[in-house]
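Residue numbering for the sequence shown follows UniProt numbering, starting at 1 and increasing by one per position.
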Amino acid sequence: MSDQISADARPLPAPPRNYGAINWIGLWTLYQREVGRFLKVWMQTLFAPVITTLLFMTVFKLAFGNRGELTGDFAGLDYNAFLAPGLIIMSMLQNAFQNTSSSLTIAKVQGSQVDFLMPPLSPLELTLGFIFGAVTRGLMVGVIGGLAIHFSGLADLNISMIWPIIWFSLMATIFLAALGAIAGIWAEKFDHLAAITNFVIVPLTFLSGTFYDIKVLVEPFQTAAHFDPIFYLIDGFRAGFIGVSNSSLMTGVIASAAFTFLACLWVWWLFRTGYKLKS
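Now the structure itself:
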């Protein structure tokens, strides 16, 4: 009789949680984890990229002063005003890539990928959580870097059109965050990740018109530059500040949307199949 009473007094187990179409709690937790990861070492992840951007600006300003002459579409514009937006978005691109790539590579090396594979998170939720954590880092680096350049007097950042700045900064950080996730899932050790960074990401960034007008290139390199997806991101972002671009802004909008969507779809597929994540 006492056993029956004690059994009846036991609390009933909680019903299974219903997450609906999207597990918002899990997605928000993953996003917070990714943001908190880089904020804990903000000197390395936020402050260091800004210092690098300021050093680039200082070196070019000391080297050229007011003698930098632009030709073609940018003729008559101040070189420092041309250079500054390119450096800002370059730092955004690199940091968005580093955030997802390092997070996933570290998880695989340490064997801790079970921390985000075991919870009830769908491939879409994993994709969104990792990518938008990296987007947050990229945007923060861009805003801080832009303010530092402007208020240091290294260049005058006058906004000509706001929508290209918003659109291309979002596309840039999402696209590179997706590429970073792909690289992080593929890489088996940090040497593989360093190879992708040094031989793919850095050349594509440096050769996409960050420091110069691509029309100074001889053929076939000028035409080849238009096949560099990062060119459209830098060119469109810069146009938001100086009001001039090498290519049509609508072409840049369509191209950036297309390759960003494909990169995100690739990340979703990798999480769905468990490629190099599940044994």
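Idealized CB from N, CA, C, for every residue including glycine.
Along the alpha helix (DSSP H) that carries residue i, what are the first and last residues, could you check?
i      : result
Met22  : Reading the sequence as shown, one finds Ile at residue 22 and not Met. Unbroken run through Ile22: none, as it is neither H nor E.
His150 : Pro123 to Ser152
Met57  : Ala48 to Phe64
Asp191 : Phe190 to Ile196
Leu117 : Val114 to Leu117
Under a three-way DSSP split, which group does residue i fall into?
i      : result
Asn99  : helix
Met161 : coil
Thr210 : coil
Tyr275 : coil
His226 : coil
Leu104 : helix
Gly240 : helix
Asn246 : coil
Leu77  : coil
Glu219 : coil
Leu176 : helix
Ala183 : helix
Leu262 : helix
Leu70  : coil
Pro203 : helix
Asp235 : helix
Gly111 : coil
Pro120 : coil
Val35  : helix
Gln257 : Per the sequence presented here, residue 257 reads as Ala, with Gln not at that position. If DSSP states are grouped into helix, strand and coil, Ala257 belongs with the helices.
Val41  : coil
Leu270 : helix
So which of the options has the shortest CA-CA distance to residue i?
i           : options                           : result
Leu157      : Ile214, Phe56 and Ala239          : Ala239
Tyr212      : Ala225, Ala48 and Val200          : Ala225
Ala48       : Asn95, Thr173, Lys189 and Phe82   : Asn95
Leu77       : Ser245, Phe259, Val253 and Arg272 : Ser245
residue 291 : Ile234, Met118 and Leu55          : Since the first residue of the chain shown is 1 and the last is 279, residue 291 is not available in this structure.
Phe175      : Ala81, Ala255, Thr58 and Leu62    : Ala255
Ala172      : Phe261, Val59, Leu270 and Leu39   : Phe261
Leu126      : Ala258, Ile25, Ile230 and Leu170  : Ile25
Gln130      : Ser102, Ser160 and His192         : It should be pointed out that residue 130 corresponds to Phe in this sequence rather than to Gln. Among Ser102, Ser160 and His192, the Cα nearest to that of Phe130 is on Ser102.
Ile182      : Asp228, Gly236, Leu265 and Leu204 : Leu265
Ile185      : Leu104, Met161, Ile230 and Asp73  : Leu104
Lys189      : Leu46, Gln110 and Leu27           : Gln110
Phe168      : Arg33, Leu139 and Asn23           : Leu139
Leu62       : Leu154, Ala75 and Ile159          : Leu154
Val216      : Val141, Met57 and Asp73           : Asp73
Ile166      : Arg37, Val135 and Arg272          : Val135
Taking CB distances under 8 angstroms as the criterion, tell me whether residue i reaches chain B.
i      : result
Ala263 : In summary, chain B is missing from the structure at hand, where a single protein chain is found.
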